[in-house]
Ligand code: UD1
């Protein structure tokens with residue numbers, strides 16, 4: 071089984087290019103089945119989650135052609151089934167986007183219940199509430215969510231919790247409903263806006279994405295488009311924190327600095343320098359890091375998907391920090407692994423109380439989920455000695471060429487399969 075072998079201690083220095091946003095790509099790929107015309111999408115990250123979704127789409131007859139690593143042509147005019155249940159699709163959270171897309175276009179969809187990272191209860195009640203409000207009948211049977219409607223009609227929907235997935239899913243279905251839908255208390259994440267822009271480029275009529283009220287006037291058909299996905303806010307944030315944690319100097323390129331404001335603000339608070347230009351940010355960490363407090367919140371708050379990365383930094387920062395996780399209740403599972411590397415963190419409910427230590431030391435650890443896995447790699451890069459990170463398949467779900475990008479910044483990290491590979495790595499880097 072593949073692992074990362076890491077020798078810590080080298081500051082990361084150099085430039086890194088950020089790819090397309092996974093969490094925008096997934097709904098955009100799903101939404102591309104809503105037209106019979108050909109859709110051209112650029113800047114798709116080549117990561118496991120997008121590839122699983124594309125395979126599932128191919129399995130129901132969607133033509134998917136990769137014209138280069140990040141460009142895909144999709145034609146869904148020959149869909150032959152509205153039942154999506156291949157073995158892999160249940161493992162990704164975003165499988166539910168096919169529900170909104172197929173329900174909108176064909177008024178019927180059956181999709182395997184979503185999985186995704188085990189970071190807490192991941193309810194889908196708000197998705198179901200939205201589909202029902204549009205006139206669909208929804209039930210869960212034999213591991214599938216089934217949604218069906220004679221016709222979809224616009225509705226006024228108030229979301230009880232701010233949910234990225236439910237906002238996007240309802241927006242997709244409502245795009246092809248009759249009349250006006252208003253989603254109140256909508257999620258405002260950049261990827262919600264990107265999906266709305268994509269749908270509008272196909273002829274949808276969506277206004278207000280990026281605010282908490284989205285208005286969607288249904289249209290009867292969507293057409294071909296060419297679209298480029300926005301840069302990945304979380305991949306960018308991860309490399310920004312990589313600079314902070316390793317005492318490095320990293321220019322993070324191809325980003326939208328506005329999307330990174332909450333991350334930049336926290337880096338400044340803990341003592342890093344951050345320089346912003348049009349489409350890049352440079353993070354320099356030359357002073358000892360200092361403590362701060364942070365609470366995860368829906369956008370524009372500090373993202374829950376950056377919580378493990380900031381915790382890894384705060385556990386190396388002078389003083390006591392408090393991290394409060396307000397989105398997912400089970401998102402501190404990696405703390406045990408970090409403790410084995412020397413961190414001093416106490417978790418009480420959704421709060422981590424962190425007493426900064428001077429350094430981490432290498433250990434043999436496992437990635438418990440996607441973002442925590444990446445954060446543990448950052449800890450290992452700053453640690454004294456050698457670390458192996460197991461279960462890196464989680465990291466590969468959302469980071470393209472993670473170890474190669476880190477290597478290009480001077481990190482001593484390699485993919486290994488056997489103990490012998492690890493010994494060779496040690497000889498090479500010793
Ligand atoms: C998406 C992202 C994930 C990110 C999260 C929050 C994808 C594939 N995943 O997940 O990386 O961490 O946004 O930014 O894009 N909730 C309900 N009922 C629902 C839906 C959600 O109670 O029907 C709750 C969830 O349990 C959670 C909160 O709402 O506490 C936010 O979840 P949501 O924004 O829906 O996250 P996802 O779309 O699953």
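In this note's numbering, the protein residues as written are 71 to 500.
Note that the Cβ used here is the ideal one computed from N, Cα and C, for glycine as well.
Taking 8 Å as the threshold (C-beta atoms), are residue j and residue i in contact?
{"i": "residue 411", "j": "residue 442", "result": "no"}
{"i": "residue 424", "j": "residue 447", "result": "no"}
{"i": "residue 368", "j": "residue 266", "result": "no"}
{"i": "residue 272", "j": "residue 105", "result": "yes"}
{"i": "residue 396", "j": "residue 365", "result": "yes"}
{"i": "residue 312", "j": "residue 325", "result": "no"}
{"i": "residue 181", "j": "residue 208", "result": "no"}
{"i": "residue 134", "j": "residue 142", "result": "yes"}
{"i": "residue 125", "j": "residue 156", "result": "yes"}
{"i": "residue 262", "j": "residue 314", "result": "no"}
{"i": "residue 164", "j": "residue 172", "result": "no"}
{"i": "residue 403", "j": "residue 438", "result": "yes"}
{"i": "residue 222", "j": "residue 254", "result": "no"}
{"i": "residue 415", "j": "residue 444", "result": "no"}
{"i": "residue 388", "j": "residue 361", "result": "yes"}
{"i": "residue 472", "j": "residue 486", "result": "no"}
{"i": "residue 409", "j": "residue 434", "result": "no"}
{"i": "residue 451", "j": "residue 76", "result": "yes"}
{"i": "residue 239", "j": "residue 197", "result": "yes"}
Along the beta strand (DSSP E) that carries residue i, what are the first and last residues, could you check?
{"i": "residue 136", "result": "133–138"}
{"i": "residue 255", "result": "First-last for residue 255: undefined, no H or E at that position."}
{"i": "residue 422", "result": "421–425"}
{"i": "residue 393", "result": "390–394"}
{"i": "residue 454", "result": "Looking at the DSSP string, residue 454 is not in any beta strand (DSSP E), and its letter there is neither H nor E."}
Specify the secondary structure class of residue i as computed by DSSP and reduced to three states.
{"i": "residue 499", "result": "helix"}
{"i": "residue 90", "result": "strand"}
{"i": "residue 378", "result": "helix"}
{"i": "residue 271", "result": "helix"}
{"i": "residue 289", "result": "coil"}
{"i": "residue 430", "result": "coil"}
{"i": "residue 340", "result": "coil"}
{"i": "residue 373", "result": "coil"}
{"i": "residue 407", "result": "helix"}
{"i": "residue 364", "result": "strand"}
{"i": "residue 229", "result": "coil"}
{"i": "residue 400", "result": "coil"}
{"i": "residue 416", "result": "strand"}
{"i": "residue 460", "result": "strand"}
{"i": "residue 332", "result": "helix"}
{"i": "residue 266", "result": "helix"}
{"i": "residue 385", "result": "coil"}
{"i": "residue 441", "result": "helix"}
{"i": "residue 467", "result": "coil"}
{"i": "residue 326", "result": "coil"}
{"i": "residue 511", "result": "No answer is possible for residue 511: it lies beyond the span of the chain, which begins at 71 and ends at 500."}
In the DSSP assignment, what residue or residues form a beta bridge with residue i?
{"i": "residue 321", "result": "85, 352"}
{"i": "residue 448", "result": "None; residue 448 has no bridge partner."}
{"i": "residue 485", "result": "74"}
{"i": "residue 279", "result": "281"}
{"i": "residue 298", "result": "112"}
{"i": "residue 346", "result": "351"}
{"i": "residue 250", "result": "287"}
{"i": "residue 435", "result": "459"}
{"i": "residue 223", "result": "248"}
May I ask which residues mark the beginning and end of the alpha helix (DSSP H) holding residue i?
{"i": "residue 475", "result": "472–478"}
{"i": "residue 305", "result": "303–316"}
{"i": "residue 235", "result": "234–245"}
At what residue ranges does the region 96–156 contain a whole run of the beta strand (DSSP E), taking only runs of 3 or more? Qualifying beta strand (DSSP E) stretches, in chain order: 109–112, 133–138, 141–145.
Which parts of the region 163–221 are runs of the alpha helix (DSSP H), unbroken and 4 residues or longer, counting only runs that do not cross its ends? The qualifying runs are 167–176, 195–203.
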